[in-house]
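Novice:
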Amino acid sequence: MNAFKYFCTALLLISVMGSCKKDNNNDLSFIATATAPAKLSVMFDITQDNTGMVTITPNGEGAVFYDVYYGDATTTPANVAAGKNTTHKYAEGVFNVKIVAHNITGKTTELIQALTVSFRAPENLVVTAVIDAANNYKLNVSATALYETVFKVYFGDVVNEVPQSFLEGATVSHIYPAVGSYTLRVVALSGGAATTTYTTTINIVDPVLLPITFESSTVNYAWSNFDGGAVTVIANPQSSGINVSSKVGKMVKSNGQTWGGSFITLGGNIDFSANKVFRMKVFSPRVGARVLLKVENAANTGLSYEKEVVTTVANAWEDLAFDYNGVNTSNTYQHIVLIFDNGTMGDGTANYTFLFDDIRLTNQMPTGLLALPVTFDLPGVNYTVVDFGGNQTFDDVDPLNGANKVKRTVKPNGAQTWAGTTIGAGFTARIPFTASATQMSIKVYSPAAGIRVRLKVEDKTNNTRSVETEAMTQAANTWETLVFDFANQSDGTAALNLAYTYDMASVFFDFGNAGTGKVFYWDDVKFLPVNVVPNYLALPLDFESTTHPYPFTDFAGGVATVINNPHSGGINTSAKVGQMVKNAGQVYGGSFIEMVNPINFSVLHTFKVKVYSPRIGAKLLLKVENATNGGISYEKEVATTVANAWEELTFDYTAINTGNFYSKIVLIFDNGTMGDGTANFTFLFDDIKLN
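Mapped onto our numbering, the consecutive letters of the sequence shown carry residue numbers 94 to 784.
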């Protein structure tokens, strides 16, 4: 066959040559004298995608075609015309490629060239290893990489482990037998020997979750101690009564700080969606030991909520309850903090050694125990109240929502001006007032706006230790939250003393007035851990509120109202201002407005008032008075210096007797001169403030 192929080729060349030049038609000597192919070479082009595809291009002088022997298990050569190439897919390795070049007469030349095929190691290996959401011992692994053909994973918990293979896009799972640290190894394989390896440490833990019972052999109950508190987990040395469990927590409070304690970090957020009452079993060496349970955000401990209760038995287990109905559920909390006898220095003795166990969330308070916030809704809680001075209080439901339990208090005809209602026999824990948290609140449904409501807190074991303050209703026949700030006491009452234990509260509706049959609904008595701006009339008076009625009381010809600012400009562009029209009546005609609580002159002693006067030299008398005794007062008078423009007048009150209480602000323009109700006796005023 090869001879025939060469013969045909020769005839073709003779024919071509004969057609070009007749005198050489019979000269075929060059065929016989043609030499074998020379300068033989080969070019290999290997793709870089780990497929093993190689393009083979032979080359040489005098060659008409080539036989290419691939050098692997393929035995049949590829026939390649001069100037062409062939492709072949190789495994990884070294192969002797043989090139046989053929010239026109059949003469051949051979070349053997070594071909090395090596695959790239996988690149961009990314491993995802995640603890399963439903099983803390289960690990889910997946991986991606370039140029890989398969992955092998070693989970690291078995000696001489046989790896598990998986492909890209698949997830393999493994359940570890116990908590601990394991080395995870994922190997990405290419088509050959090249590999890429990823290793990481997998920590299998059994997280601390509620309830905390101390009974698990796999949970690490790791408490973080601070300032003298020290918690350990021990065998229960007092297995009796309501607690016969094997393990309990022990807190020893040593000398450090009065707030010494310990905290534990949970493995997830505390879920307050259904249950908001913490329960904890405590074994105390004495009655009256205070137990503070606090929750905090792990990243921002300023986001916290706490409750404190008092032990009622000594040397026996009791189940304490901490009412968390007031917790802000928009925050997340992961720390549980325990402080025993907060405010008292421990000494590390048996008197400061406490046992605790079974920290859990429930939805019930123990029967008969009362804690803030008082919602009247928790089953099993004794919400009995005690009326005095003629008050009558009943269990009832919200007039706007029949599913909400509330109290209804009637102040009937003949009831005393001081008639009130005490909430139960006291709370299970002291109200946690601080220098920056001095407020409580009550939701009230009142028959009218402008009614004073007084709230008093006291030590249930010593009623000489008390403090009281007031708020004022702003609306009628609707629910509103009244805020009571105990840093601003009512006239003549004692100041808030943070060293006292306040654990009882009484509410007085329409305080200072005898009963006339008014009916009040009330609910949600709360301590406010962060002070808020009270919704009642207080300095400064800018007349911009849409909820305050600004109830001026006019006298002797003076008439004060709140109007839209008719002269917005200069130093006063506010929307609302006060207007005083002085009519004929008395030369001292004016008006007064009453604050809910006394004005605080302890730091600031200068009044400022913006005034718009029709003339220069008009006098403004600013006077403060006691709410019930007008003889207790102080006043200053200042004259205007401009006409038909806003100016700010200053009243120096540095000489005022700060031992008295003043809650009325009295305004008299041109005291001693009879008004006539004209524009000449019409004045605007605004922004009454202490500066």
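All residues carry an ideal CB built from backbone N, CA and C; glycine is no exception.
With distance defined between alpha-carbon atoms, name the residue in 691, 289, 697, 634 nearest to residue 667.
Specialist: Numbered from its first residue, the sequence shown carries residue 667 at position 574. Among 691, 289, 697, 634, the Cα nearest to that of residue 667 belongs to 634.
Novice: Pull the bridge partners of residue 160 from the DSSP assignment, please.
Specialist: Residue mapping note: residue 160 aligns to position 67 of the sequence shown, counting from 1. DSSP, once it has assigned bridges, lists 172, 193 as partnering residue 160.
Novice: Look at the alpha carbon of residue 685 and the alpha carbon of residue 396, and state the distance between them as a whole number of angstroms.
Specialist: Numbered from 1 along the sequence shown, position 592 holds the residue referred to as residue 685. Numbered from 1 along the sequence shown, position 303 holds the residue referred to as residue 396. Going by the C-alpha atoms only, they are around 43 Å apart.
Novice: Out of curiosity, what's the CA-to-CA distance linking residue 689 and residue 736?
Specialist: Position 596 of the sequence shown, counting from 1, holds the residue named residue 689. Position 643 of the sequence shown, counting from 1, holds the residue named residue 736. For residue 689 and residue 736, the distance between alpha carbons rounds to 34 Å.
Novice: Using three-state DSSP, classify residue 222 as helix, strand or coil.
Specialist: Start at 1 with the first residue of the sequence shown, and residue 222 comes out as number 129. Of the three classes helix, strand and coil, the one that applies to residue 222 here is strand, per DSSP.
Novice: Can you check which of these residues, 189, 195, 130, 128, is closest to residue 159 by C-alpha distance?
Specialist: The residue you call residue 159 lines up with position 66 of the sequence shown. The candidate whose alpha carbon is nearest that of residue 159 is 195.
Novice: From residue 117 to residue 175, what distance separates their C-alpha atoms?
Specialist: For the purposes of this step, residue 117 is identified with residue 24 of the sequence shown, where counting begins at 1. For the purposes of this step, residue 175 is identified with residue 82 of the sequence shown, where counting begins at 1. Residue placement at residue 117 cannot be trusted, given a pLDDT of 48 that sits under 50; the coordinates are not used to answer.
Novice: Does residue 660 pass the burial test, meaning 16 or more other C-beta atoms within 10 Å, or should it be called exposed?
Specialist: Position 567 of the sequence shown, counted from the first residue, corresponds to residue 660. Counting Cβ neighbours within 10 Å, residue 660 comes out exposed, since fewer than 16 surround it.
Novice: Check whether the stretch 523 to 539 touches the stretch 608 to 619, counting contact only when three or more Cβ pairs, one atom from each stretch, lie closer than 8 Å.
Specialist: Yes: the two stretches touch, three or more of their Cβ pairs being nearer than 8 Å.
Novice: When DSSP builds the beta bridges, which residues end up paired with residue 383?
Specialist: In the sequence shown, counting from the first residue as 1, residue 383 sits at position 290. For residue 383, which the question treats as bridged, DSSP gives the partners 403.
Novice: Measuring CB to CB, does residue 819 end up less than 7 Å from residue 247?
Specialist: In the structure as shown, the chain starts at 94 and stops at 784, and residue 819 therefore has no counterpart that could be examined.
Novice: Which residue spans inside the stretch 339 to 379 form an unbroken alpha helix (DSSP H) run of at least 4?
Specialist: Within the stretch 339 to 379, no complete alpha helix (DSSP H) run reaches 4 residues.
Novice: On the three-pair Cβ rule with 8 Å, is the stretch 539 to 551 touching the stretch 430 to 450?
Specialist: Flag = no, the stretch 539 to 551 and the stretch 430 to 450 do not touch.
Novice: Of all the options 427, 764, 354, which has the alpha carbon lying nearest to the alpha carbon of residue 390?
Specialist: For the purposes of this step, residue 390 is taken as the residue at position 297 of the sequence shown. Nearest of 427, 764, 354 to residue 390, Cα basis: 427.
Novice: Measure from the alpha carbon of residue 442 to the alpha carbon of each residue in 394, 321, 472, then state which is nearest.
Specialist: Along the sequence shown, read from residue 1 onward, the residue named residue 442 stands at position 349. Residue 442 has its Cα closest to that of 321, out of 394, 321, 472.
Novice: To which residues of the same chain is residue 422 closer than 6 Å at the C-beta, ignoring the five residues directly before and after it?
Specialist: The residue you call residue 422 lines up with position 329 of the sequence shown. Excluding positions up to five away in sequence, the list reads 365.
Novice: Check whether the stretch 176 to 185 and the stretch 309 to 324 are in contact - that is, three or more C-beta pairs closer than 8 Å.
Specialist: As far as the Cβ criterion goes, the stretch 176 to 185 does not touch the stretch 309 to 324, which means the pair count is below three.
Novice: Suppose you measure from the CA of residue 313 to the CA of residue 424; what does that come to, to the nearest Å?
Specialist: As a position in the sequence shown, residue 313 is number 220, starting the count at 1. As a position in the sequence shown, residue 424 is number 331, starting the count at 1. Cα-Cα distance, rounded: 26 Å.
Novice: Between residue 113 and residue 206, what straight-line distance do the alpha-carbon atoms span, to the nearest angstrom?
Specialist: Working through the sequence shown from its first residue, we reach residue 113 at position 20. Working through the sequence shown from its first residue, we reach residue 206 at position 113. With a pLDDT of only 41 at residue 113, under 50, the local geometry of the prediction cannot be trusted, and the value read off the model is given with reservation. Each residue's Cα considered, the two are about 41 Å apart.
Novice: Any idea what DSSP makes of residue 592, helix, strand or coil?
Specialist: Residue 592 sits at position 499 when you count from the first residue of the sequence shown. DSSP places residue 592 in coil when its eight states are reduced to three.
Novice: Just to confirm, is the Cβ distance from residue 258 to residue 245 under 7 Å?
Specialist: Counting from 1 along the sequence shown, the entry for residue 258 is found at position 165. Counting from 1 along the sequence shown, the entry for residue 245 is found at position 152. Cβ atoms of residue 258 and residue 245: closer than 7 Å.
Novice: If you pair each beta-carbon of the stretch 772 to 784 with each one of the stretch 634 to 648, do three or more pairs fall below 8 Å?
Specialist: Taking 8 Å as the limit for Cβ pairs, the verdict is that the stretch 634 to 648 does touch the stretch 772 to 784.
Novice: Tell me, please, whether the CB atom of residue 602 is closer than 7 Å to any CB atom in chain D?
Specialist: Included in the structure is just one protein chain, with no chain D present.
Novice: Is the stretch 503 to 514 close to the stretch 471 to 484, with three or more CB pairs under 8 Å?
Specialist: Output reads yes: the stretch 471 to 484 touches the stretch 503 to 514.
Novice: Once the 5 residues before and after residue 607 are set aside, which same chain residues still bring their CB inside 6 Å of it?
Specialist: What you label residue 607 is simply residue 514 of the sequence shown in a count that begins at 1. Same-chain partners within the cutoff: 510.
Novice: Grouping DSSP H, G and I as helix and E and B as strand, with all else coil, what is residue 444?
Specialist: For this step, residue 444 is matched to residue 351 along the sequence shown. Helix at residue 444.
Novice: Pull up the DSSP beta-bridge partners for residue 333, would you.
Specialist: Within the sequence shown, residue 333 is the residue found at index 240, counting from 1. In the DSSP output, where bridge partners are listed per residue, residue 333 has 336.
Novice: How would you label residue 241, buried or exposed, when you count the other beta carbons within 10 angstroms and need 16 or more for buried?
Specialist: Taking the sequence shown and counting its residues from 1, the one referred to as residue 241 is at position 148. Per the 10 Å Cβ criterion, buried.
Novice: Between the Cα of residue 626 and those of 600, 658, 575, 582, spot the shortest distance and give me the residue it belongs to.
Specialist: Numbered from its first residue, the sequence shown carries residue 626 at position 533. Nearest of 600, 658, 575, 582 to residue 626, Cα basis: 575.
Novice: Quick test of your reading: residue 717 and residue 755, contact by CB under 8 Å. State the CB separation rounded to the nearest angstrom.
Specialist: Translated into the one-based positions of the sequence shown, residue 717 becomes position 624. Translated into the one-based positions of the sequence shown, residue 755 becomes position 662. Confirmed, Cβ separation roughly 4 Å.
Novice: Identify every residue that forms a DSSP beta bridge with residue 565.
Specialist: Position 472 of the sequence shown holds residue 565. In the DSSP output, where bridge partners are listed per residue, residue 565 has 545.
Novice: Keeping to the same chain, check which residues put their C-beta closer than 6 Å to that of residue 347; ignore five residues upstream and five downstream.
Specialist: Looking up residue 347 in the sequence shown gives position 254. So the list reads 321, 439, 441, once near-sequence residues are dropped.
Novice: Under 7 Å, do residue 503 and residue 491 count as touching if we go by C-beta distance?
Specialist: Locating residue 503 in the sequence shown gives position 410, where the first residue counts as 1. Locating residue 491 in the sequence shown gives position 398, where the first residue counts as 1. No, the pair does not count as a contact, with Cβ atoms beyond the cut-off.
Novice: Rounded to the nearest angstrom, what separates residue 115 and residue 127 at their Cα positions?
Specialist: For the purposes of this step, residue 115 is identified with residue 22 of the sequence shown, where counting begins at 1. For the purposes of this step, residue 127 is identified with residue 34 of the sequence shown, where counting begins at 1. Residue placement at residue 115 is flagged as unreliable, the pLDDT there being 44, under the threshold of 50; the coordinate-derived value follows with that caveat. Roughly 22 Å between the two C-alpha positions.
Novice: Tell me the DSSP secondary structure of residue 433 in three-state form.
Specialist: On the sequence shown, residue 433 is found 340 positions in, with the first residue counted as 1. Reduced to three states, the DSSP call for residue 433 is strand.
Novice: When we look at the beta-carbon of residue 776 and count the other beta-carbons within 10 Å, is it buried (16 or more) or exposed?
Specialist: The residue you call residue 776 lines up with position 683 of the sequence shown. With 16 or more other Cβ atoms within 10 Å, it is buried.
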